[in-house]
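Asks:
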Amino acid sequence: MRVCVYILAILAAVPYTRAQVKHVDMNIYGCSDTVPGQDSFALDGEGTGHSDFALKQFVMTLPEFADPFTYGDDAFYTAVQRQFNCLDLVREEIKGNNHSKEVLEPPVSSIYTRKYVKLGVDNQLICHVTGFFPPLLRLRWAKNDVYVSKGVTLGQFQPNNNGTFTLFSSLNFTPKPGDYYTCTVDHATLKQPLIKEWSADKWITPRSIFPIVLCAVGAAVGLLGIAIGILFFIKGSQCN
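Under mature numbering (1 follows the signal peptide of the UniProt record, and there is no 0), the letters of the sequence shown match residues -19 to -1, 1 to 221, in that order.
#1: To the nearest angstrom, how far is the alpha carbon of V5 from that of D25?
#2: Using C-beta distances below 8 Å, list every residue in its chain close to S150, excluding the 5 sequence neighbours before and after it, in chain order.
#3: For C164, write down the residues that DSSP places opposite it in a beta bridge.
#4: Looking at C-alpha atoms only, which residue of F138, Q38, G112 is the closest neighbour of V84?
#5: If F138 and Q64 are in contact, beta carbons under 8 Å, what's the gap, nearest whole angstrom?
#6: Tell me, please, whether the segment 124 to 131 touches the segment 39 to 58 by the rule of three or more beta-carbon pairs shorter than 8 Å.
#7: Could you tell me if V194 is buried or exposed, where buried requires 16 or more neighbouring beta carbons within 10 angstroms of its beta carbon?
#8: Check the DSSP bridge columns for residue 308 and list the partner residues they point to.
#9: Label I40 either buried or exposed according to how many other C-beta atoms from any shown protein chain fall within 10 Å of its C-beta, with 16 as the threshold for buried.
#10: Candidates E73, R72, K37: which alpha carbon is nearest Y58's?
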């Protein structure tokens, strides 16, 4: 896969201070004759919107607390035109540089929950993959070693400042004892898949030992107090 990248860097001055803050506003688009293309926007590494070529529309991905804005009504149609131009450019590059080597970077991944974990309460697992190039990989979720697709969402490739990429994927789930989940990543740089695991049992064990021990100690102290009380009562009765 050859990727065409367009990056716009903006230097913004803060008017009420002497300092200058550097912000990076990126529009990155990629095309391939084997996988769907991508056209997305990001500000300082945070995704702000992308073209969904399956839905044939532009999708804003700003968080709820952000100031609302749009990239214009023609954002999707512009992205479609860029895809055609990108494919033409790739064909020309293949003709002239078919034997050039790409600099490959392997991914690193982590897995965590979106909310505080409570057994039996719906939650979301997040798989964070970053630091890889090229932006082409395979990500799979599994529950108890069985691959699942229901409740899975896959984000857009987001560019990092060093030329590598980041990808987020999520899985809706309900944590239950005995269940474990894995996020498996395949990439051209990996000799074997990169696997991260999350288990409800491992998560609740450290937090569940203390209450059990505390209850046991409390019960023992209570029984000891009752025994001492009975002993004093018997001795008092004998004295009388």
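For every residue, glycine included, the Cβ atom is placed at its ideal position computed from N, Cα and C.
Everything numeric in this text was worked out from a predicted model, so none of it was measured.
Replies: Walking through what the data contain:
#1: Residue mapping note: residue 5 aligns to position 24 of the sequence shown, counting from 1. Residue mapping note: residue 25 aligns to position 44 of the sequence shown, counting from 1. So the two alpha carbons sit approximately 5 Å from each other.
#2: In the sequence shown, residue 150 corresponds to position 169, counting from 1. Around S150: I107, C108, V110, L120, W122, V133, T134, L135, G136, C164.
#3: Locating residue 164 in the sequence shown gives position 183, counting from the first residue. For C164, which the question treats as bridged, DSSP gives the partners W122, K177.
#4: The sequence position of residue 84 within the sequence shown is 103, counting from 1. Comparing Cα positions, the closest option is G112.
#5: Against the sequence shown, residue 138 aligns to sequence position 157. Against the sequence shown, residue 64 aligns to sequence position 83. Not confirmed; about 15 Å, so no contact.
#6: no
#7: Taking the first residue of the sequence shown as position 1, residue 194 is located at position 213. Its pLDDT being 48, under 50, V194 is placed unreliably by the model, and the measurement read from it follows with that caveat. Exposed is the call here.
#8: Lying outside -19 to 221, the shown extent of the chain, residue 308 is not represented and no answer is given.
#9: Taking the sequence shown and counting its residues from 1, the one referred to as residue 40 is at position 59. According to the sequence shown, residue 40 is Val rather than Ile. Classification for V40: exposed.
#10: Residue mapping note: residue 58 aligns to position 77 of the sequence shown, counting from 1. Measuring C-alpha to C-alpha distances from Y58 to each of E73, R72, K37 identifies K37 as the nearest.
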